[in-house]
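Protein chains: 2
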Amino acid sequence: MTKEPRQKRAQETRARILAAAIECFSREGYDATGVSEICAAAGVSKGAFYHHFASKHTVFLELIETWLASVDAELARLLAAASDVPQGLLRMAEVAPSIFADARGRVPLFLEFWRQASRDPEVWRATTAPYRRYHQFFEKLVETGIQEGSLRAVDPDVVAQVIVALAVGLLLQGALDPQGADWSKVAREGVGIVLDGVRGHATKPSA
Amino acid sequence: MTKEPRQKRAQETRARILAAAIECFSREGYDATGVSEICAAAGVSKGAFYHHFASKHTVFLELIETWLASVDAELARLLAAASDVPQGLLRMAEVAPSIFADARGRVPLFLEFWRQASRDPEVWRATTAPYRRYHQFFEKLVETGIQEGSLRAVDPDVVAQVIVALAVGLLLQGALDPQGADWSKVAREGVGIVLDGVRGHATKPSA
């Protein structure tokens, strides 16, 4: 079923505005970027901009949400295909480099998120909510691992925090210093070390 | 031996400028802060400022160096007092919360460092060099642990990256979301989990 032309055009305009905003925020920073610059970079009118977004703040929040939604989808896909929790975690570590690579060009943008988060309560919620969500995601995963016997009876809360902290640290270091290490290897073996620390004796037979 | 009054006064002026710069950079951001504002906040003349620092950029770099030097000194002190590498690592994890607490009020400043690092090669070097230095520090520590038999024959490079990534991740999350977890517990037990993954069978008797 093809979309109505007007709806399709509206979606293209919206996507162009978001792409232009990434470019402007990364280059100039959030504060120095105005709606006019985003419009000029996107080749759209201010009217078109405000038809889609209430403010540059709305655009900023949507950029955070969109990136996180794509990461979420990827993690869920990998987990669904894994035979047990340790395998799921190792597969997540394997795709980490592509998540990092995707993030690389966006370093200035992430730093803008974090910087604004320390000043703006709404951005703070949008930036910290995902950490808390990822924490819950990994906490449940660890609980599943303990139930299936692939992990020993560790504290799911702490292990989840360790996994999230490791991911955040690798993301930031890999983004700031791509040549500083083989980040792909570090992610894979790092998760392997954490798994060696928490692995149980029994493992669920592969499905 | 008391210091010469003039020298003492000079040191106090320097310290006042640095403290005022932390305050201004944290509140206004690096770009929006001028030398005049730092001088006003410090209660010193521009002449006094330029007697001590070539530019606000120099002040900024010195703030990074000073904080890192204090962290280094603390890590070295803990290590010297530990009987073996696992104990040294656990003690470092125990002081992590105070390093985090010290960092907490400086979040906007760290984010400024990282943001400027993505634009300014000199700040980039000043910001990434410490990660590489900490990496080497922990790499040597892991090598020592393998030699003394407290750690099994792991890859020191990878374990060091994991430790640094964990520390960076905890620092950022703890700073952005102090109420999000018991970061002190997470640091201690997180290092414990990594140690469980890399611990050797023999342990050096305590000194």
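Protein chains in written order, with our numbering: chain A, 1 to 207; chain B, 1001 to 1207. We treat Cβ as the ideally placed atom computed from N, Cα and C, and that holds for glycine.
Exposed or buried, residue i, counting other C-beta atoms within 10 Å across all chains shown (16 or more means buried)?
{"i": "B/Gln-1173", "result": "buried"}
{"i": "A/Ala-117", "result": "buried"}
{"i": "A/Ala-20", "result": "buried"}
{"i": "B/Ala-1202", "result": "Only weak support is given to the placement of B/Ala-1202: the predicted model assigns it a pLDDT of 45, under 50, and the value that follows is read from those uncertain coordinates. Its Cβ having fewer than 16 others within 10 Å, B/Ala-1202 is exposed."}
{"i": "A/Arg-14", "result": "buried"}
{"i": "A/Arg-115", "result": "buried"}
{"i": "B/His-1051", "result": "exposed"}
{"i": "B/Ala-962", "result": "For chain B, the structure presents residues 1001 to 1207; residue 962 of chain B sits outside this window and is missing."}
{"i": "B/Pro-1130", "result": "buried"}
{"i": "A/Ser-70", "result": "exposed"}
{"i": "A/Gly-190", "result": "buried"}
{"i": "A/Ser-45", "result": "exposed"}
{"i": "A/Ser-26", "result": "buried"}
{"i": "A/Gly-43", "result": "exposed"}
{"i": "A/Thr-127", "result": "buried"}
{"i": "B/Gln-1136", "result": "exposed"}
{"i": "A/Gly-29", "result": "buried"}
{"i": "A/Gln-147", "result": "exposed"}
{"i": "B/Gly-1145", "result": "buried"}
{"i": "B/Ser-1036", "result": "exposed"}
{"i": "B/Ser-1098", "result": "exposed"}
{"i": "B/Pro-1213", "result": "A query on residue 1213 of chain B cannot be resolved here, the shown segment of chain B reaching from 1001 to 1207 and no further."}
{"i": "B/Ala-1073", "result": "exposed"}
{"i": "B/Gln-1087", "result": "buried"}
Does DSSP put residue i in a helix, a strand or coil?
{"i": "A/Arg-119", "result": "coil"}
{"i": "B/Arg-1215", "result": "Missing from the structure shown is residue 1215 of chain B; chain B here goes from 1001 to 1207 and no further."}
{"i": "B/Ser-1206", "result": "Its pLDDT being 38, under 50, B/Ser-1206 is placed unreliably in this model, and the coordinates cannot settle the point."}
{"i": "A/Lys-8", "result": "helix"}
Give the interface partners of residue i over in chain A, defined as CB-CB distance under 9 Å, in chain order.
{"i": "B/Val-992", "result": "Chain B is shown only over 1001 to 1207; residue 992 of chain B falls outside these bounds and no answer can be derived."}
{"i": "B/Gly-1088", "result": "Neighbours of B/Gly-1088 on chain A: none; closest Cβ ~18 Å, over 9 Å."}
For a contact defined as C-beta to C-beta under 7 Å, what are the partners of residue i on chain B?
{"i": "A/Tyr-210", "result": "Since the first residue of chain A shown is 1 and the last is 207, residue 210 of chain A is not available in this structure."}
{"i": "A/Trp-67", "result": "Per Cβ cutoff of 7 Å: no residues; A/Trp-67 is ~17 Å from chain B at best."}
Using 8 Å for Cβ pairs, my map puts residue i next to residue j. What's the rounded Cβ distance?
{"i": "A/Ile-193", "j": "B/Val-1198", "result": "6 Å"}
{"i": "B/Phe-1113", "j": "B/Val-1123", "result": "7 Å"}
{"i": "A/Val-95", "j": "A/Leu-141", "result": "Actually they do not touch by this definition, with Cβ atoms about 15 Å apart."}
{"i": "B/Ala-1041", "j": "B/Cys-1024", "result": "6 Å"}
{"i": "A/Phe-138", "j": "A/Ala-160", "result": "4 Å"}
{"i": "B/Ala-1093", "j": "B/Ala-1187", "result": "5 Å"}
{"i": "B/Leu-1195", "j": "B/Leu-1075", "result": "Going by Cβ atoms, the distance from B/Leu-1195 to B/Leu-1075 rounds to 17 Å, so no, they are not a contact pair."}
{"i": "B/Val-1158", "j": "A/Lys-185", "result": "7 Å"}
{"i": "A/Lys-56", "j": "A/Thr-33", "result": "7 Å"}
{"i": "A/Phe-53", "j": "A/Cys-39", "result": "Not a contact, Cβ separation roughly 11 Å."}
{"i": "B/Ala-1082", "j": "B/Arg-1091", "result": "6 Å"}
{"i": "A/Leu-78", "j": "A/Ile-22", "result": "A/Leu-78 to A/Ile-22, Cβ: 25 Å. No contact."}
At a CB-CB cut-off below 8 Å, which residues of chain A make contact with residue i?
{"i": "B/Leu-1166", "result": "Val-162, Ala-165, Leu-166, Gly-169"}
{"i": "B/Val-1123", "result": "None at all; the shortest Cβ gap to chain A is about 11 Å."}
{"i": "B/Lys-1185", "result": "Val-158"}
{"i": "B/Ala-1196", "result": "A quick correction: the sequence has Asp, not Ala, at residue 1196 of chain B. Going along chain A in sequence order, the residues near B/Asp-1196 (Cβ under 8 Å) are Asp-196, Gly-197, Val-198."}
{"i": "B/Ala-1117", "result": "Leu-176"}
{"i": "B/Leu-1111", "result": "Leu-111, Trp-114, Arg-115, Ser-118"}
Under 8 Å Cβ-Cβ, which residues of chain B neighbour residue i?
{"i": "A/Thr-127", "result": "Leu-1176"}
{"i": "A/Asp-155", "result": "Glu-1189"}
{"i": "A/Ile-193", "result": "Val-1154, Val-1158, Val-1159, Val-1162, Val-1194, Gly-1197, Val-1198"}
What does residue i touch in chain B if you count any residue whose Cβ is under 9 Å from its own?
{"i": "A/Leu-61", "result": "Those do not exist, as A/Leu-61 stays about 16 Å from chain B at its closest Cβ, beyond 9 Å."}
Task: Every unbroken alpha helix (DSSP H) within the region 42-91 of chain A, with a cutoff of 4 residues, ordered by chain - done: Whole alpha helix (DSSP H) segments, 4+ residues: 46-52, 56-81.
Open item on the list: Please give me, in chain order, every unbroken run of the alpha helix (DSSP H) with length at least 4 that falls completely inside the region 1134-1187 of chain B.
Closed with: Within the region 1134-1187 of chain B, the complete alpha helix (DSSP H) runs of at least 4 residues are 1156-1176.
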